[in-house]
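K.L.:
There's a structure below that I have some questions on.
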Amino acid sequence: MAEEKSGITGTKDLSGEKTILSVKNLVKRFPIKNGVFGSSSASVHAVEDVSFELRKKETLAIVGESGCGKSTTGKCVLRLIEPTSGSVELDGKDFTALKGQQLKQARQKMKLIFQDPYSSLNPRMTVMDIIGEPIDIAGTYKTRAERNARIEEVMQEVGLDLEFKYRYPHEFSGGQRQRIGIARAIVLEPEIVVCDEPVSALDVSVQAKVINLLEDLQQNHGLSYIFISHDLSVVRHIADTVMVMYLGHQMEFASKNDLFAHPLHPYTQALLDVIPRIRHERIQQKRILQGDVPSPANPPSGCVFHTRCTKTMRVCSEKAPNRLEVEPGHFCACHLYDTSLTDEERTPQIAHVLKAASKAVREAHLEEKFEK
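Residue numbers for the sequence shown follow this note's numbering, so the first one is 14 and each next one is one higher.
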């Protein structure tokens, strides 16, 4: 009953499903060059040591503010961007080591739905050709008739009228264009679909229809989703597990119900506080994030969130936290839950600053007295 009152829908039973994707210690850094022909003097830390697993029929949501590394993580998994280090295992095989024809075949198992349903579609191609392009590249159907039959089957499945198959993208609404993008993604029957903000560019009324379509396709085909979003209301509806990212780092990882009911990381708590709520569920004292997100080219030392955290301790600026399993299946990268810390390390940052300031004042007085 508590879950119904909070608006959190139940998650699927995935206990018997196998792991089809395993991402370990994924890192992506973009070099910053000095001029056109200059050497790299620094790097943008886009993704830092991200690890997770995805099971069959599971929806893993990756959430966080703009620029936190959500989309880069998804593109590294697909190898649209080559990771700097780390590994991606697909069905037990090292996807990051594949090349040539092996890579081409493996990519048929993972597809991407883009955020913008217009710019991701070729304006000079008809719907038939857009959806059929993955088939043409993969060469999975021998005859034109088989190819066209598969395209028509997928069009009907995503709710597109067959009489529109020779029309162009500009003749469709935003929701219809996103259905075209979804049809293109599933036409080769992949195992995994990375959904990069698939409904953020759509009207709210259309968003619900697209989300329901994705859920129907998952149920009918056993699809697994990596659902990238900054809209926690949508994530609350569609996700099974949730990974929270900040400045390229993995802050928290848990089942949807655990994360929304008992968020552990101060950053996650602040994100959840800003979700719109009905009157009787409103939070009286919201935790509001102060300050700007630091530059990923020059991230803070220690915990990258300590410059905006209200619970900062002395240790937070000195060393990065380990990813701890605080509760069964609930992981959090925060010093608050590290039982090995000393009392000195747990000193609140403000107390540490005041102590240092007091010491500086005393030393200044001693110097002044000595000079006299």
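Yeah, the Cβ is synthetic: ideal placement off N, Cα and C, and Gly gets one too.
Over what stretch of residues does the beta strand (DSSP E) that includes V207 continue unbroken?
P.N.:
Its beta strand (DSSP E) spans residues I205 to D209.
K.L.:
Taking the continuous beta strand (DSSP E) assigned at T72, which residues delimit it?
P.N.:
First-last of the beta strand (DSSP E) with T72: T72 to V76.
K.L.:
Please name the residue or residues paired with V60 in a DSSP beta bridge.
P.N.:
DSSP, once it has assigned bridges, lists K41 as partnering V60.
K.L.:
From the DSSP output, in three-state form, read off A214 for me.
P.N.:
Residue state, collapsed to three classes: coil.
K.L.:
Check I126 in the structure and name its three-state DSSP category.
P.N.:
Looking at I126 - three-state DSSP - the assignment turns out to be strand.
K.L.:
Beta carbon of L125, beta carbon of D244: below 8 Å?
P.N.:
Going by C-beta atoms, L125 is not nearer than 8 Å to D244.
K.L.:
If you reduce the DSSP assignment to three classes, tell me which class I224 lands in.
P.N.:
Three-state DSSP puts I224 in a helix.
K.L.:
In chain order, what residues of the same chain lie with their CB nearer than 6 Å to the CB of V306, ignoring the 5 residues before and after it?
P.N.:
Closer than 6 Å at the Cβ level, and outside the excluded window around V306, lies no residue.
K.L.:
Could you name the residues that DSSP lists as bridge partners for E146?
P.N.:
Answer by DSSP bridge pairing: none, since E146 is not bridged.
K.L.:
Hey, how far is the Cα of L277 from the Cα of E146?
P.N.:
Rounded to the nearest angstrom, the two C-alpha atoms are 45 Å apart.
K.L.:
Just to confirm, is the Cβ distance from V40 to S98 under 8 Å?
P.N.:
Contact flag set, yes.
K.L.:
Just list the residues that DSSP pairs M326 with in beta bridges.
P.N.:
Answer is P361, bridged to M326.
K.L.:
Restricting to Cα atoms, I'd like to know which of V200, S56, A59 and T86 is closest to Q121.
P.N.:
Answer by Cα proximity: V200.
K.L.:
Three-state secondary structure (DSSP) at I291?
P.N.:
Because the pLDDT at I291 is just 48, under 50, the model does not fix this residue reliably, and the point stays unresolved.
K.L.:
Mapping the DSSP letters down to three states, classify Y345 as helix, strand or coil.
P.N.:
The sequence given here places Cys at residue 345; Tyr does not occur at that position. DSSP places C345 in strand when its eight states are reduced to three.
K.L.:
So, helix, strand or coil for M138, using DSSP?
P.N.:
Coil, per DSSP.
K.L.:
Between D216 and chain B, is any beta-carbon pair separated by less than 8 Å?
P.N.:
Absent from the structure: chain B. Only one protein chain is present.
K.L.:
Could you tell me the alpha carbon to alpha carbon distance between K332 and Q303, rounded to whole angstroms?
P.N.:
Their Cα atoms are separated by approximately 22 Å.
K.L.:
For Q128, which of R190, S330, E184 and D149 has the nearest alpha-carbon?
P.N.:
With distances taken between Cα atoms, Q128 lies closest to R190.
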